[in-house]
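Report on the structure given below.
In the working numbering, the protein residues as written are 427 to 558.
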């Protein structure tokens, strides 16, 4: 019945900066773009579909509408997405060259290493290296 997560949606008020972050820093590819003139908010809605290894992130922006910032503290609801990395230390060094702050970690456990960053809108992104 249920096959997989099709995509994750992120609402942004900085669409180009956010696309640049996901493509230039994290390596996502722009799969397609769309525009819907009649959105639920009554303003045009722009969509950008980003792909990373078969996982899709849909960036949504509403022209002229204000958007609440991402939560900074623990809260009910969506918390973050996680990206698997090959080598945590190499990834951390790479992110430093892109001026991306590691906001938590890396913490190394017996079976994994874990760290967190944020996208331009403040959404948390976990980085996870599994040791098998």
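For glycine and all other residues, C-beta sits at the position ideal for the given N, C-alpha and C.
In this text the structure is predicted, and so the values were computed from the model without any measurement.
Beta carbon of residue i, beta carbon of residue j: below 8 angstroms?
i           : j           : result
residue 489 : residue 511 : no
residue 476 : residue 483 : yes
residue 506 : residue 553 : no
residue 548 : residue 498 : yes
residue 509 : residue 462 : no
residue 532 : residue 443 : no
residue 451 : residue 524 : yes
Would you identify the three-state DSSP class for residue i, choosing helix, strand or coil?
i           : result
residue 523 : helix
residue 498 : coil
residue 493 : coil
residue 437 : strand
residue 474 : strand
residue 507 : strand
residue 469 : coil
Take the Cβ of residue i as the centre, count every other Cβ of all protein chains shown within 10 Å, and call the residue buried at 16 or more, exposed below.
i           : result
residue 541 : buried
residue 441 : buried
residue 454 : buried
residue 467 : exposed
residue 543 : buried
residue 445 : buried
residue 447 : buried
Go to residue i, then tell me how far its beta strand (DSSP E) extends in each direction, as first and last residue.
i           : result
residue 482 : 481-488
residue 531 : 530-534
residue 450 : Careful: residue 450 lies outside any beta strand (DSSP E) and carries neither H nor E.
residue 431 : Segment: none, residue 431 is in no beta strand (DSSP E) and carries neither H nor E.
residue 553 : 550-556
What first and last residue would you give for the alpha helix (DSSP H) that runs through residue i?
i           : result
residue 441 : 441-446
*How do the stretch 492-499 and the stretch 437-445 stand: do at least 3 beta-carbon pairs fall below 8 angstroms, yes or no?*
yes
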